[in-house]
Each structure stands twice: as C-alpha cells, then as structure tokens.
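First to last, the sequence lines map onto chains S, C, A and B.
Using this note's numbering, the first residue of the first sequence is number 5, and each one after it goes up by one.
Using this note's numbering, the first residue of the second sequence is number 5, and each one after it goes up by one.
Using this note's numbering, the first residue of the third sequence is number 5, and each one after it goes up by one.
Using this note's numbering, the first residue of the fourth sequence is number 5, and each one after it goes up by one.
Report on the following structure.
Protein chains: 4
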Amino acid sequence: MVLLERRFLVVNFKVYDSAFGSRALELAREASRLSSRLSKVRVILAVPALIASKILTIYNDVYLQHVDPVGFGAYTGFTPVDALKVEGIRGTIVNHSEHKVTYRDLAFIISRAKLLGLEVLACADTPEEAMAVALLDPTMVAVEPPELIGSGIPVSKAKPEVITSSVEAVRRVSNIPVLAGAGISEALDAIRAIELGASGVLVASAIMKSKSPELSLRNFAEALERT
Amino acid sequence: MVLLERRFLVVNFKVYDSAFGSRALELAREASRLSSRLSKVRVILAVPALIASKILTIYNDVYLQHVDPVGFGAYTGFTPVDALKVEGIRGTIVNHSEHKVTYRDLAFIISRAKLLGLEVLACADTPEEAMAVALLDPTMVAVEPPELIGSGIPVSKAKPEVITSSVEAVRRVSNIPVLAGAGISEALDAIRAIELGASGVLVASAIMKSKSPELSLRNFAEALERT
Amino acid sequence: MVLLERRFLVVNFKVYDSAFGSRALELAREASRLSSRLSKVRVILAVPALIASKILTIYNDVYLQHVDPVGFGAYTGFTPVDALKVEGIRGTIVNHSEHKVTYRDLAFIISRAKLLGLEVLACADTPEEAMAVALLDPTMVAVEPPELIGSGIPVSKAKPEVITSSVEAVRRVSNIPVLAGAGISEALDAIRAIELGASGVLVASAIMKSKSPELSLRNFAEALERT
Amino acid sequence: MVLLERRFLVVNFKVYDSAFGSRALELAREASRLSSRLSKVRVILAVPALIASKILTIYNDVYLQHVDPVGFGAYTGFTPVDALKVEGIRGTIVNHSEHKVTYRDLAFIISRAKLLGLEVLACADTPEEAMAVALLDPTMVAVEPPELIGSGIPVSKAKPEVITSSVEAVRRVSNIPVLAGAGISEALDAIRAIELGASGVLVASAIMKSKSPELSLRNFAEALERT
C-alpha cells in the first residue's frame, strides 16, 4: 500500500528556547530546503501556537502541538479547532504525553478536525491506548512510552515490542500510519523504528536540543528517505 | 498621579470567529490608526496566541489572553512566559473568568513576567479577588462579575458597587490601575466605569461581535479619550 | 455463558441530597432485603466516599463513584485505589460522564485495582469509548450517551443502537458485561436494555430522586430478575 | 483575646497507609483520650472522606481534607459542602498545597460552609496567599511553604519569617487564627511556631509516618498545651 510506504518525520518543537525566535525560523528554513529534495519523507513541524504564523511564511507543513475542544466563541486563551483552518495550519498533535486530554475531548477534536479537513496526530502511551485512539480515526497515531521521552534511550532499542504491538493493535481497527517516539536520539533509532513497522518518528529533544538542530533534522530526514 | 490618569482600553479578542483571519488584522489596523491620534488612551489588543505574530506586524501593543506557569522546556502545547519576551509580546491577561488559574500559578506567572519586563493584567470576579491578585503586584487588575460577562448588561450600570469596592480594595495594597469589565456594551458604559473610579475597561463581545468592530473600537477609544 | 446471564443493577447515588443521611441508609437496607431473595440480579450501590463505611455496615456490595490514580502517600484529599481494599469496598466506578479521566489515569486505576482484587466499572460515552476502555480489561463497562443522562429519556428507547453497537464493539476485544445507562426511568427501560444485549443498567435519578427510592429500586431489581 | 490564646493542632492524615484501617482508628482513640484532658489545645483530625464516618464514632472534631465547590446534585464522585453538614463533619481543609483550587472555588466553598455553620481551614503557600484567602473569612488559615512539606525541615526553623509575615499579613484584614505547617517534625518546632505568632500547627508526616503516631500526637498536643 502506497500510504504505508510514506515516511513521516514529525518534529515536536515543544517549548524549548530553541522553539522560538530566530532559531525556530532557521529550522523551518532547513525543513523547507529538505522537503524540496525529499520524495518519500514528509517533514511536519509541530510548533508553538505563538510562532505558527511566522513559520508558515517559510514552511507550509505545520501542526500545532495541542488544540482545545472548543469551537469559535467566548473561550479566552484557548485555541479552537476551527482557528487552525482559518489560519492555514494543516493539523495538530493531540493527547501528547505532556498534555493529556480525556477520550471525550479527543473524540470532539478529531471529529471537528475531520469535518474541517484538518489532520490530527493522536498520541498514545501504550499499544492499548494506540488502538483506543485509532478507533476515533485520526490521521496518524504516535506511540511514546512516557518514561523514555527525553531520556535519550530510544524506544526502538529499549522497548521494540511497544512499536510492534502498537502497529499490530492499530491494524486491528485501522490502516492509519503509526509513528514511534520517545528517546529517538539518532538516525539509526528512526531506521529501527521503521524496521519494526512504524511509518515514521516523532522527534523532539534530539533535534531541538542539538547543537545544530538543522544538521540533526537533515540526518533524520535523509536516513528515513533511504528506508 | 499621572499613572492613574491614563485610560486603558483592553480589547479581549477571545476566540470569536472575528478574532482570526482578515477581520482580526483589520481591527489591528484600526487600533494602529487610533493610537497615533490618542494621547490619553492606551489600546491593548489581547489576541489569540495563534495570530499574535501577525498582529504584531501591524500593531505593537499586544497581549496574549493566557500564559502557562512554565519556563522554556518539555511542555508540549503550553505557552511559557519567557516566550512572550522572545516574540515581542508586551504582556498577557491571566486568570480570566473563562480561564481561571490557582493563586500559586498566578504568583509564578506574575513574578516571572516582572523579571522579564513583561506586563500582566490579572482578572478577578469580585472586589476580594481584585485585592487578592493585587497583592501579587501585576501591572493592572480587571474586575468582572462572571454573571455579566457577555450579557450585554454593563457592570457599570448593574453593579456599580463592584467597581467602587474593587478600586477601594485594591488601593489598600497597591496603586496599580483597576479596570472594569463584563457587559460593557457601549461607550457610555465605559465612561461610567471611569466615573466610578476605574482606569479603563476590558471589552470583548461589544467589539468582536459588532457588525463593525472597527467602528465600535473607535467609539470606545474616543469616549475614553474625552474622560 | 453463565457470566453473561448475570444481571447487574448499579445504583449511582451521585451526591443528591438523598445520597446522604438516613435516606441513604434506608436505601441500603432495601438493597440488603432484596439481595437475599434475588438469584440472578446483583445490586451494586455506588455511594459517596463519605458514607461508604456506614453503608457497609448494612450492605456489602458497595462501589465508590470515583477513585484517584494514586497509591498511598502525600495526596491530601484524594482517594487512593489501595484505600478501597483496606476499607472493604468492593470496587469503583471510573470515568463517569460527570467525572472524566484521561486514558492514562484509567489504565493506572484499572491495573492497580486488578492487582488488589478490586472491581472497576468503566464508563463510556459512545461505542468507540466502550471498546477503548474495554481494552484495559475492567470488570464491566457502562455506556451512557451524556446528553440523555438525567433527562428522563431512556437510552434504550431513544438510542437503542448505542447499546447494540457498544455490546458489539466490546465483544471484539472482551467478554466483560456491558451495562447501559442514561435516562433509564422505569423498569421497562431496563428490560429493553437487556433485550438489546446489555447485562444490566446503571441507574441514578430514577431511584435517587424518586418519591420512594426503595420502591423504585425494588421495581428495577424485580424486573431484571425476570429477564 | 481569648480566641487567639487557643492552640490548634490539626493532624492531616493525608492518604498514607496509616490513614486507613485500624491504625487510623487507634489514632482517633488517642485524640479522644487527649482531648478529655487538654484545656487549651483543640485537636482536629483531617481524615480521608472514606473513613470520616468511622472516625466520628470515636472522635468528634473531624475535618475532611478537601471538599468540592458544588451543592447536592448530579456530581458523580465529588463531595458537596452540604454533605459535611448532614454527616456531622465539622469542617474541611481547602486549597492544600497538594490540592490547589482557584480563588473562585475557594470563595464558593467558604461562603457555602459559613452559611451551613461549617468550618474551613484555608491553606496558603506564602504570606500573600495567606492574606488573600483570609479576605474570604475562613475559620483559620494555615501557611505552608510547599518546598518544606514532608521535608523534615521545619518552617519554624528554616523560614521563621514566613510565619511572622503571614500573621502580620492576615492581621491586616482579619483576626482569624493563623497556623503554620511544613516540615514540623517535633514538639519543639510547634512551640517555635507559637512563639513566632502562630495559633497552632498543621502536622502530617511527623505523626502519620511515625513509628508510634499516638505517641507523636501526644507529644505535640502536650507541648502546645504548655505554650
């Protein structure tokens, strides 16, 4: 299946200091350069809401890191799903390990996003949760064992069975791509994740806290292109 | 005192549909035009994080509507106080009736903001809460009886004693400006608030849901200029 | 299968005024009388934590309405799963429509409860959520469309397909009993739920807000006994 | 003033394992014995909701550790203020460092409790928060620097100025007793707190995690009686 051969490299900027200001823009420029010569890999930048419109002037495959389960209205300080559509944001991460929502809210967000033609990458801690969120038919699922996030210990090495089980669990109910994340530190970890059945990786600190985020991004993208 | 003679018109865009896209930009253009000819009134636009950087290209007196009690780091989907500094945002509303935080979080946010030279408009439901938040020394306090927010029944008419008591309560501990909000529908309501001792108003639906937000903004600003 | 022929009548006391004081105790006495002569129906009283130990002196099939995802420790004002074991409570409702938790917390609670030999009735809004929570292997699942809760419009009449779809969805992954709830007003609604494939019902206002909670409880229990 | 000469010893059971089962009852028995011979010290046991009615059969000066900002109604798994009245609980802790609430919720809880003749011990992290919560006129305020809670480093030794400043700040708006807590490890720490102007102490781990909670309770109570 063509869909499953696509590779996804989702860069979660989180809100590290490198996620703002000129460094964020430089990373977006590198993503733009890379994308023009990648055929297999789709690079998605999941950026803070505060810089999304700036990033969009440089690179157009942009997600938010969270969205709130509301429509337009009197919700001071929240981000409605509909706002992404108006502002040209392609999609959003939801239910990240650092920003968990209830299943009810997840259902609202995914259903509203689909109605509007927006994408949703739903995160999960475990294979069970991966299957649970897949039932709501998001665009993609990413599984990340919380204890490995930011640890530098790659899930693809420390808990390869989480990846294989998640892919298997999701396949029982859906054909959507399954990404792996947590502790992904170098290109080799991403390649292993693909070998274990993932369609891509969700990477944060390995790029954002790197001495050269651009170089790190390039390494991951090129490695995935060759898988 | 000069500080207290200043008038504040804080426009809370909330996340109405008019708070995004071209309508948001037009309102910012009007704020820009107005500011060049106002001497007494400071117009602050409290905008969704998602459009803040776009608004900043047009108008520079911009607040967020909320900020999270974190610094830079691994906080997917949250907005650190420090990010405002990097992105050139002047300040933020916090503890709005639609986005309440604990006193502990409020204390963190205000103290971090002050360290960074950022402003904070802290909201309160009652005179007691106005005094409570004033103890933390934010830049301004706004009092808004929750039951009048969005009601079209102006606080300055329906509960004038909330304004006078709040000003009095805040004065026991601080000299910061006290704004009034909730149900402020027309310029006259803003004038009454000033007469009751407020230094300005916090307005949302009367502008954002108006047929002509620009005209409504102008009316409020010009009325306050004459007080 | 014997397990599926069992009928469950779970009475959610919520925190209505009738859920405390002498009325709560009288209802427990009626449950005790009924249980001695019912062979097919299991009556579970889901009571406020505050009265659980009093109820236990009268009736022993008692659940809490919620439990927190913590063990023993420094968690002022929360209820650890382990405390139920020590205090002789048989189990707990979790993820009720009025008290939603994240999937992560649900996973913690169910896994801890199972380790301790405690039961968990996990609630769901929809067939998708019913299947999602069933993946975590709780003791039972109850599906309740939120818009019908407390409405007096029985799910078994207004949305029979929610019951049939939920049973079907849960059966894909588990053999646990599926209960139905929301708007269940009279014995006939409970019978219909059974006919649609449910193993029992979750009832609140129809009993707790009845002029005679005891009579209402008896009617439900006897009707289920005859199914 | 007589009121200020009263000494308060509030034992926060938290949800340590010793807060449930027979150990909790034994501690209540010791409190009962002590109270019959203390004239100056009031011993309040702040117990988990789950065991409150059992404790009440032994000792009658009982608080909960938290209450929810709701009245009777359809609030599955929450504890309404009104329920305390019906069940004979004298009062509640609110806004503990481990269970923070918004100022709005605190205002609701205190005002509802007062209407019902119930007591509220409102907690605070800092002198500012102590004054802020005192504005709502609870029965007592307790100040506890969060970083010292459970540390074994007594606030009365490590941060005596927090106690003196809190008493001073509260006195600007109210005459209610101010308690001190956090790290209070032995009777001497309690005596120091009184010397610094507190009317009592809030103690948890020093009693609940002691080899002999009864002995520890007795030591604190007798020391306070002599102040």
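The beta-carbon is built from N, C-alpha and C at its ideal position, and this holds for glycine as well.
For a contact meaning CB atoms closer than 8 Å, what does residue i contact in chain S?
i     : result
V15/A : Correct list: empty, because the minimum Cβ distance to chain S is about 24 Å.
Can you pull the chain C residues whose beta carbon is under 7 Å from the beta carbon of residue i, in chain order?
i     : result
D76/S : The identity of residue 76/S in the sequence shown is Phe, whereas the question assumes Asp. Those are V19, Y20 and D21, listed as they occur along chain C.
Using a 10 Å radius around the Cβ and a threshold of 16 neighbouring Cβ atoms, would you call residue i buried or exposed?
i      : result
K215/B : exposed
K44/S  : exposed
L88/S  : buried
S26/S  : exposed
R33/C  : exposed
S160/B : buried
G95/A  : buried
L152/A : buried
L120/S : exposed
From residue i to residue j, what distance separates their C-alpha atoms?
i      : j      : result
M135/C : C127/C : 11 Å
T61/B  : G92/A  : 18 Å
F17/S  : L29/S  : 11 Å
V207/B : D86/A  : 23 Å
A194/S : G185/S : 9 Å
P142/A : E123/A : 7 Å
R116/A : N179/S : 32 Å
E133/S : Y107/A : 7 Å
R176/S : R176/A : 10 Å
D129/S : L125/A : 22 Å
N223/A : A210/A : 11 Å
L183/A : S189/A : 15 Å
Y79/B  : L13/B  : 32 Å
G156/S : V147/B : 40 Å
L256/S : L192/B : Outside the displayed span of chain S (5 to 231) sits residue 256/S, for which this structure offers no information.
V174/A : G187/A : 22 Å
I48/C  : L228/C : 13 Å
V66/B  : A50/B  : 6 Å
S203/S : T168/S : 11 Å
D72/A  : Y63/B  : 27 Å
E9/C   : S220/S : 54 Å
A53/S  : F24/C  : 13 Å
Q69/S  : R196/B : 50 Å
N99/S  : S101/A : 19 Å
E165/C : A138/B : 21 Å
M212/A : K58/B  : 24 Å
R41/S  : A162/A : 55 Å
I55/S  : P84/S  : 16 Å
P131/A : K118/S : 19 Å
Residues of chain A with CB closer than 8 Å to the CB of residue i, please, in chain order.
i      : result
F224/B : Correct list: empty, because the minimum Cβ distance to chain A is about 18 Å.
E172/S : Neighbours of E172/S on chain A: none; closest Cβ ~13 Å, over 8 Å.
I195/B : Correct list: empty, because the minimum Cβ distance to chain A is about 24 Å.
I97/B  : T80 and G81
For a contact defined as C-beta to C-beta under 9 Å, what are the partners of residue i on chain S?
i      : result
M135/A : M135, A136, L139 and V177
Chain S partners of residue i, CB-CB under 7 Å?
i      : result
K163/A : Within chain S, no residue comes near K163/A; the closest Cβ sits about 16 Å away, beyond 7 Å.
Y79/C  : K18, V19 and E102
Using the beta-carbon of each residue, which ones in chain B are nearer than 7 Å to residue i?
i      : result
K104/C : T106 and R108
E30/C  : Ordered by position in chain B, no residue passes the 7 Å Cβ test against E30/C, which lies about 35 Å from the chain.
Taking C-beta pairs closer than 9 Å, name the residues in chain B that residue i reaches, listed in chain order.
i      : result
D129/C : Y107, R108 and A111
F12/A  : Chain B residues near F12/A: none, gap ~17 Å exceeds 9 Å.
What in chain B is Cβ-close to residue i, meaning under 8 Å?
i     : result
Y63/A : Chain B residues near Y63/A: none, gap ~15 Å exceeds 8 Å.
What residues from chain C crowd round residue i, counting only those whose CB sits closer than 8 Å?
i      : result
E151/B : Under the 8 Å cutoff, chain C gives no residues; its nearest Cβ is about 12 Å from E151/B.
E91/S  : F24, G25, L54 and I55
Below 7 Å on C-beta distance, what does residue i contact in chain A?
i      : result
E148/S : Simply none; closest approach about 12 Å.
**Study point:** beta strand (DSSP E) runs contained entirely in the region 137-201 of chain S, provided each spans 3 or more residues
**Key:** Correct list: 144-147 and 182-185.
Practice item. Tell me the start and end of each unbroken beta strand (DSSP E) in the region 65-107 of chain B that is at least 3 residues and wholly inside, in chain order. Key: Counting whole runs of 3 or more residues, the region 65-107 of chain B contains the beta strand (DSSP E) stretches 66-68 and 95-98.
**Study point:** Runs of beta strand (DSSP E) lying entirely within the region 13-50 of chain S, each at least 3 residues, in chain order
**Key:** List check, beta strand (DSSP E) in window: nothing returned.
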